[in-house]
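Participant: In the numbering used here, the protein residues as written are 811 to 1404. The C-beta atom is built at its ideal place from N, Cα and C for all residues, glycine as well. Remember, predicted model here, so these are calculated numbers, not experimental data.
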C-alpha cells in the first residue's frame, strides 16, 4: 500500500525507510536535478534501476510449490519465488497461490502423487534390454529440432549405457553438449523407465544454461537446483529431496548442483543411491588426488558421463585420470609418453586413441555445421605507451621505489614478476599509485577519459576499434584475465557512453543471469559485454555478439578458445571476428607463442 511519510514515523522498521530514502530517492533526485550530471550517467542509473525493478517483478512470480499444510485460515502452500533462494520461501493461502499460478499447484500435486520409480530389469545390466537406435527425434524431447549429429550423440550415449560403458562427450564448444546430455537423461526416463536420481555437477556459471535446457527441452523432468546457504539447503532437504528423510527414497529425477556443494555436503549427498552422474567441464577432474575427484568416486554411481570440449589439455596423466574416473583400470595410459613430433610418439598416441575411441565421441564444428558462419582471428600488436614503458622497465630492474612512489596503502612487492609484467602490458592503472598520479588535477570528464585512454597502447587501440564497430552495428565481447582490468575497461565504457554488461567470478549467480539475459534480449541496447576469461569461458551463450576482443591472453590457450566459443556457436547468424591484443616486445608475445 502507499502510505504518507508522516504516518510511518512511529511504525516499527521506519529506519529501513529512512535508509531507502537516503540511498535511492535522494540519489535519484541528485541525478535528475543536478545540471552537472552527464546524460550518460543518468542513462546508466535509469538502466540499473530498470534492471532492479524487473528483478522485483520476478520475485513476485511463483516458481514452484514445494509443500502444503492446513493453517488457521485453511489450506496453505509453501512457495518458492522466482529468482529468490529457498530460504525466502513463504507459506501462502491456497486462494492467493491459485490466483498467481494454479499450474504450479497442479504440478506439485502431480509430483506428490507419483514418486519416481525405476524398472529394476533395466537397472540391472545383466537383464537390460538390447539397444535400439532411433533416427528421428523422440516426441518427449521438446522445444526445438535436434541436428543429426546431436541425435547421433544421444544414440552413442544410449548405446553405451545399454552395454554398461561410461563415456566422454567431448564435442567442440558450441555443438550442444548440454542439450545432448539432457536429452539422454530424458531417454533414460521415457525409454528405459529409469527415473533417477540422476546427479549433474556443473560450474556455477553454466547453471542457468543447464536450467534453461531442462525447462525447455524436457519440461516433464522434475529437476532440483541444489545450492544456496545452509538455511536454503535445509529447506531443500526437507521439502524437495527425500521421502520421510530417507536418502534411499527420493522425490526428484535430477539434481543440478555445482562442484562447491559436492565438497560442502558430500556426507549427505553420498547417502543417495545415484543411478547416473554427469560432470560438466569435466577437465576439473584431471587430478585424481583432488577432493572433488575422490568424493565423486565415493558416490558410486554405476553410470557416469563426463562432458568436456577439451579432454586433453596439457598432459596424458590428465586424460588417464578421466578414463579411470569412468572405468577404473580399463585402459592403461602411459603417462610418460613424450608429447613431441617423433614417429614413436605419433604411433603411441595413435594406439592410445584407438583404445579410447569406443568410450569417447568428439565432433568439431567444421565437420558437422556447414551453416555455421566463419570465424576470423586477428592478432594486433600495439606499442606500449610511455607510462607503460616506464613501469615495465621498473619491474624488469626491480625498481620498487619508483613503482611505489606516492602510494600510501598497498605496496607493490613484485613477488610474481611475470604477472606484474602482464599488468604493465595492459594498463598502468593496474598498479596502486598510478591512477591517482596520472589523473592528478584532471577533474573534467573529457580529461579523465583522455588520460585513461592515452596511458595504454591497448586502450588507444580499443577506443578506435570500438568506435568503428559501434558505427557498423556490431556487438562486442571483451575478455580479460584480470578483474581489475575489467574495472578499468568498465570505467572507459562508462565515460565513453557505451552501454555494457559485466560478468566475472565475483558476481553472484542471480546478477550473472540477469546480465546475460539483458544482453541477449531481442531489443537489447547493450553494445559490449565485459567478462573475465575464466568466469566467462564456461558454458555461457552470448551468440548475439559477433565480435570478440581478447584484451590479454591466458597462459592456457584452452581458456582463450573457450572464451571465443561464447559467440561462435550453433545458432550464430553472422561471421565472428576475434581480435587478440598483444603488447609488442613484452612477455605477452611469449604467452602467445606458447
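With C-beta atoms as the reference, is residue 1326 less than 8 angstroms away from residue 1185?
Facilitator: Here the question's residue 1326 lines up with position 516 in the chain shown. Here the question's residue 1185 lines up with position 375 in the chain shown. The answer is no: Cβ separation not under 8 angstroms.
Participant: Tell me the DSSP bridge mates of residue 1411?
Facilitator: The question about residue 1411 has no answer here: the residues shown for the chain are numbered 811 through 1404.
Participant: Measuring CA to CA, which of 1253, 1263 and 1142 is closest to residue 1236?
Facilitator: The count along the chain shown starts at 1 and reaches residue 1236 at position 426. When each option's Cα is compared against that of residue 1236, the closest is 1263.
Participant: Here's a check: name, in chain order, each residue in its chain whose Cβ is nearer than 7 angstroms to the Cβ of residue 1399, leaving out the five neighbours to either side.
Facilitator: By 1-based counting over the chain shown, the position of residue 1399 is 589. Cβ neighbours of residue 1399 beyond the five flanking positions: 1392.
Participant: Between residue 1081 and the rest of its own chain, which residues show a CB-CB distance below 6 angstroms, the 5 nearest in sequence each way excluded?
Facilitator: Taking the chain shown and counting its residues from 1, the one referred to as residue 1081 is at position 271. Take residue 1081, set aside five residues on each side of it, and the residues of its chain with a beta-carbon closer than 6 angstroms to its own are 1057, in chain order.
Participant: Hey, residue 1069 and residue 1094 are a contact pair by Cβ (cut 8 angstroms); roughly how many whole angstroms apart?
Facilitator: Numbered from its first residue, the chain shown carries residue 1069 at position 259. Numbered from its first residue, the chain shown carries residue 1094 at position 284. Confirmed, Cβ separation roughly 6 angstroms.
Participant: Can you tell me where the alpha helix (DSSP H) with residue 989 in it begins and where it stops?
Facilitator: Along the chain shown, read from residue 1 onward, the residue named residue 989 stands at position 179. Segment 987-1002, the alpha helix (DSSP H) holding residue 989.
Participant: Assign residue 997 to buried or exposed, taking buried as 16 or more other Cβ atoms, counted over all protein chains shown, within 10 Å of its Cβ.
Facilitator: As a first step, residue 997 is located in the chain shown; it is residue number 187 there, counting from the start. Buried: at least 16 other Cβ atoms inside 10 Å.
Participant: To the nearest angstrom, how far is the alpha carbon of residue 1053 from that of residue 1167?
Facilitator: Walking along the chain shown from the start, residue 1053 turns up at place 243. Walking along the chain shown from the start, residue 1167 turns up at place 357. Those two C-alpha atoms are separated by around 41 angstroms.
Participant: From residue 1049 to residue 839, what does the alpha carbon distance come to, in whole angstroms?
Facilitator: Against the chain shown, residue 1049 aligns to sequence position 239. Against the chain shown, residue 839 aligns to sequence position 29. Rounded to the nearest angstrom, the two C-alpha atoms are 45 angstroms apart.
Participant: Look up residue 1218 in the DSSP assignment and say whether it is helix, strand or coil.
Facilitator: For the purposes of this step, residue 1218 is identified with residue 408 of the chain shown, where counting begins at 1. Here residue 1218 scores only 48 on pLDDT, less than 50, and its place in the model is too uncertain to base an answer on.
Participant: Roughly how many angstroms lie between the CA atoms of residue 1224 and residue 945, to the nearest whole one?
Facilitator: If you number the chain shown from 1, residue 1224 lands on position 414. If you number the chain shown from 1, residue 945 lands on position 135. At residue 1224, the pLDDT of 48 sits below 50, so the modelled position is not reliable and the matter cannot be decided from this model.
Participant: For the region 912-922 against the region 896-903, do three or more pairs of beta-carbon atoms, one drawn from each stretch, fall closer than 8 angstroms, so that the two count as touching?
Facilitator: Between the region 912-922 and the region 896-903, the count of C-beta pairs closer than 8 angstroms stays below three; the two stretches do not touch.
Participant: In angstroms, rounded to a whole number, what distance separates the CA positions of residue 1102 and residue 1008?
Facilitator: Within the chain shown, numbered from 1, the residue matching residue 1102 stands at position 292. Within the chain shown, numbered from 1, the residue matching residue 1008 stands at position 198. Those two C-alpha atoms are separated by around 18 angstroms.
Participant: Span of the beta strand (DSSP E) holding residue 871?
Facilitator: If you number the chain shown from 1, residue 871 lands on position 61. No beta strand (DSSP E) holds residue 871; DSSP gives it neither H nor E.
Participant: Threshold first: 4 residues or longer. Then list the alpha helix (DSSP H) segments lying entirely within the region 1045-1077, N to C.
Facilitator: Every alpha helix (DSSP H) stretch that sits fully inside the region 1045-1077 and reaches 4 residues is listed by chain position as 1069-1074.
Participant: Label residue 1031 either buried or exposed according to how many other C-beta atoms from any shown protein chain fall within 10 Å of its C-beta, with 16 as the threshold for buried.
Facilitator: Residue numbering aside, residue 1031 sits at position 221 when the chain shown is read from its first letter. Residue 1031 comes out buried.
Participant: Evaluate residue 1397 with the Cβ neighbour count: other Cβ atoms within 10 Å of its Cβ, from every protein chain shown; 16 or more gives buried, anything less gives exposed.
Facilitator: Stepping through the chain shown from its first residue, residue 1397 is reached at position 587. By the neighbour-count rule (16 or more Cβ atoms within 10 Å), residue 1397 is buried.
Participant: Report the rounded CA-to-CA distance for residue 819 versus residue 831, giving the unit in angstroms.
Facilitator: For the purposes of this step, residue 819 is taken as the residue at position 9 of the chain shown. For the purposes of this step, residue 831 is taken as the residue at position 21 of the chain shown. Their Cα atoms are separated by approximately 13 angstroms.
Participant: How close, in whole Å, do the beta carbons of residue 1352 and residue 1330 come, if the pair is a contact with beta carbons under 8 angstroms?
Facilitator: On the chain shown, position 542 is the one that residue 1352 refers to. On the chain shown, position 520 is the one that residue 1330 refers to. With a Cβ gap of about 7 angstroms, residue 1352 and residue 1330 count as contacting.
Participant: Which residue's Cα is closest to the Cα of residue 924: 1061, 963, 967 and 932?
Facilitator: For the purposes of this step, residue 924 is taken as residue 114 along the chain shown, with counting starting at 1. Out of 1061, 963, 967 and 932, 1061 has the C-alpha closest to the C-alpha of residue 924.
Participant: Could you have a look at residue 1111 and say whether DSSP puts it in helix, strand or coil?
Facilitator: Working through the chain shown from its first residue, we reach residue 1111 at position 301. Per DSSP, reduced to three states, the secondary structure at residue 1111 is coil, with no helix or strand assignment.
Participant: Using CA coordinates, which residue listed in 903, 1282 and 985 is at the minimum distance from residue 958?
Facilitator: As a working mapping, residue 958 is identified with position 148 in the chain shown. For the residues 903, 1282 and 985, the minimum Cα distance to residue 958 belongs to 985.
Participant: Considering only the beta carbon of each residue, do residue 1115 and residue 977 sit closer than 8 angstroms?
Facilitator: What you label residue 1115 is simply residue 305 of the chain shown in a count that begins at 1. What you label residue 977 is simply residue 167 of the chain shown in a count that begins at 1. Yes, the pair counts as a contact, with Cβ atoms nearer than the cut-off.
Participant: Can you give the Cα-Cα distance for residue 1190 and residue 824, rounded to whole angstroms?
Facilitator: As a working note, residue 1190 is residue 380 in the chain shown. As a working note, residue 824 is residue 14 in the chain shown. If I take the Cα positions, the gap works out to 57 angstroms.
Participant: Would you decide whether residue 1234 is buried or exposed? Buried here means 16 or more other CB atoms lie within 10 Å of its CB.
Facilitator: Here residue 1234 is taken as the residue at index 424 of the chain shown, counted from 1. Residue 1234 is buried by the Cβ-count criterion.
Participant: Residues in the same chain with beta-carbon distance under 8 angstroms from residue 1078, minus the five sequence neighbours each way, listed in chain order, please.
Facilitator: As a position in the chain shown, residue 1078 is number 268, starting the count at 1. Once the five neighbours on either side are set aside, the close Cβ partners of residue 1078 are 1047 and 1057.
Participant: Between the C-alpha atoms of residue 1390 and residue 1402, what's the straight-line distance to the nearest angstrom?
Facilitator: Start at 1 with the first residue of the chain shown, and residue 1390 comes out as number 580. Start at 1 with the first residue of the chain shown, and residue 1402 comes out as number 592. In a straight line, the C-alpha of residue 1390 is about 10 angstroms away from that of residue 1402.
Participant: If you measure between the beta carbons of residue 884 and residue 904, is that distance less than 8 angstroms?
Facilitator: Position 74 of the chain shown, counting from 1, holds the residue named residue 884. Position 94 of the chain shown, counting from 1, holds the residue named residue 904. Taking 8 angstroms as the Cβ cut-off, residue 884 and residue 904 qualify as a contacting pair.
Participant: I believe residue 1006 touches residue 926 by the beta-carbon criterion, under 8 angstroms. Please report the beta-carbon distance rounded to the nearest angstrom.
Facilitator: If you number the chain shown from 1, residue 1006 lands on position 196. If you number the chain shown from 1, residue 926 lands on position 116. Approximately 5 angstroms separates the beta-carbon atoms of residue 1006 and residue 926; this is inside 8 angstroms, confirming the contact.
Participant: Mapping DSSP to helix, strand and coil, what is residue 1224?
Facilitator: Against the chain shown, residue 1224 aligns to sequence position 414. Note on residue 1224: pLDDT 48, under 50, position unreliable in the model; the coordinate value appears next. Looking at residue 1224 - three-state DSSP - the assignment turns out to be coil, as it is neither helix nor strand.
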